[in-house]
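Numbering (this note's numbering), first residue to last: 179 to 645.
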């Protein structure tokens, strides 16, 4: 890791990810993408408790890392917590995000002594960084870790007042501007309490920022990117998928050379000629104990091979479950390299919450998705996966609603369909096509995302004189 210096570089880019792994990882991949160009230096801001993860991720790069002290004595937030996945409940997310504004003064003191900054990319929930960037005449780009489909749909439905008034929450709504898209009110989270203050601050900062950095590629979302750029703004730049920033993946110095238990297990499934369903719901989804038990029964009854990553280490999966399924199923309670799992030859399906990072990693690996959205914009992303991209199927809920309870019988049915059925074959073929599109978009010098990033670098180079 080099010391901070950009004297020999034409661009110095500052990145500030939000303190959550799902927000941090794509920005770190973006750092690696930037650093594939010899004329760019990168500085990443974080907090002390998050530094280790970031420094390991970027250990073989020239990126610089600056720690800023995380605020202390925040009401409701236990001492020492600097990342959202350690919060006792996701209901504390707004309080956590609002508290990050207390970092602003330290951030500005650090910016003041940095070599000249070409532009800043900061997470959408670090809205206050716009004010800091403006003080130093630095263009600020917003990183919002979702697809442009969901952003456009939410903006259209909200601005047209379709989430209020009479009518059922399960009634289909035609989206203005996109008449082929139908949604329901249950596809959206209504901000409450401190969430309202947070979202007001976020919306205002987005509107006044220089641009949007999208972890997506134009060929996938051209309809929505063009619509956004012509109707809303600021301009959206498709420069992903970031997970393809490393053209060849090799073990980095900090990565263990010995195979993990789950890697050995997946290798064994290849030797047996079996395909595996991967199950994970991200770091923030809160799944009830009752729902976890239904998942366990559905997986056991389905007869498919599976690798299930479960965050609730104390979750009761049913007496004797792991012993009964040990020949064809493994439960992992540790953090895993999801991309490595999805790229494994044996993995042929992904039961996912439809976080955008997970969707992109699955698509780029050519793995179809069984969509089970849980929170935030995930119901919209699930519609993108199933209805627009056509690379996945949906789980069946008891009442047919977007966020209903899933019984084991319905889960078993759709797991079997994804892994063995005709609809599964169709989405598996479709995802291979989009995987090829993604790789072409990221081709060095020729891909659409590579060329878009070149344009962004050229524009910000010129704007430094006038911004």
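Glycine included, every Cβ here is placed at the ideal spot set by N, Cα and C.
Pairing residue 444 with residue 614, the inter-Cα distance amounts to about 24 Å. Close CB contacts of residue 590 within its chain, under the 7 Å cut and outside five residues either way in sequence, are with 476, 479, 480 (chain order). Along the region 306-376, the alpha helix (DSSP H) occurs as fully enclosed runs of 4 or more residues at 307-313, 326-337, listed in sequence order.
Three or more Cβ pairs closer than 8 Å define a contact, and the region 528-548 falls short of that threshold against the region 494-508. Under the three-state reduction of DSSP output, residue 423 falls in the coil class, being neither helix nor strand.
Here residue 201 has 195, 301, 323 as same chain residues with Cβ atoms under 7 Å from its own Cβ, once five neighbours each way along the sequence are excluded. By the Cβ rule, the region 543-553 counts as touching the region 596-609, because three or more pairs are nearer than 8 Å. Rounded to whole angstroms, the separation of the alpha carbons of residue 326 and residue 238 is 32 Å.
In this model, residue 338 and residue 373 are separated by some 21 Å (Cα to Cα). Under the three-state reduction of DSSP output, residue 569 falls in the coil class, being neither helix nor strand. Leaving aside the five residues that flank residue 410 on each side, the residues in its chain whose CB is nearer than 7 Å to its CB run, in chain order, 333. Contact between residue 557 and residue 365 holds: their C-beta atoms lie close to 4 Å from each other, under 8 Å.
Straight through space, the alpha carbons of residue 287 and residue 568 are spaced by roughly 48 Å.
Nearest to residue 197 by alpha-carbon distance, out of 485, 535, 260, is 260. Between residue 342 and residue 351, the gap from beta carbon to beta carbon reaches 9 Å or more.
In the three-state reduction of the DSSP assignment, residue 252 falls in the coil class. Boundaries of the alpha helix (DSSP H) harbouring residue 602: 600-619, taken from the DSSP string. For residue 396, the enclosing alpha helix (DSSP H) has its first and last residue at 396-409. When DSSP states are grouped into helix, strand and coil, residue 486 belongs to the strand group. In the three-state DSSP reduction, residue 577 falls in the coil class, being neither helix nor strand. Residue nearest to residue 496 within the set 517, 512, 472 is 472 (criterion: CA-CA distance). The bridge partners DSSP lists for residue 528 are 456, 547.
Judged by DSSP in its simplified three-state form, residue 190 adopts strand. Taking the C-beta atoms as reference points, residue 320 is found nearer than 9 Å to residue 390. Note that the C-beta distance between residue 241 and residue 225 is not below 9 Å.
Residue 291 carries a helical assignment under DSSP once its states are collapsed to helix, strand and coil. Shown here for residue 563: same chain residues with a beta carbon closer than 8 Å to its own, the five before and five after excluded, namely 532, 537, 547, 549, 569, 570 in chain order. If you look at residue 440, you'll find it in the alpha helix (DSSP H) that goes 439-450.
DSSP, reduced to helix, strand and coil, places residue 278 within a helical segment of the structure shown.
Straight through space, the alpha carbons of residue 307 and residue 247 are spaced by roughly 16 Å. In its chain, beyond the 5 residues on either side, 305 have a beta carbon closer than 6 Å to the beta carbon of residue 379.
Taking one beta carbon from each stretch, the region 483-490 and the region 411-421 have fewer than 3 pairs nearer than 8 Å; the two do not touch. Contact annotation: residue 290 and residue 314 have beta-carbon atoms nearer than 9 Å.
Considering only 297, 257, 585, the residue with the shortest C-alpha distance to residue 636 is 297. For residue 209, the enclosing alpha helix (DSSP H) covers residues 199-212.
In the three-state reduction of the DSSP assignment, residue 379 falls in the helix class.
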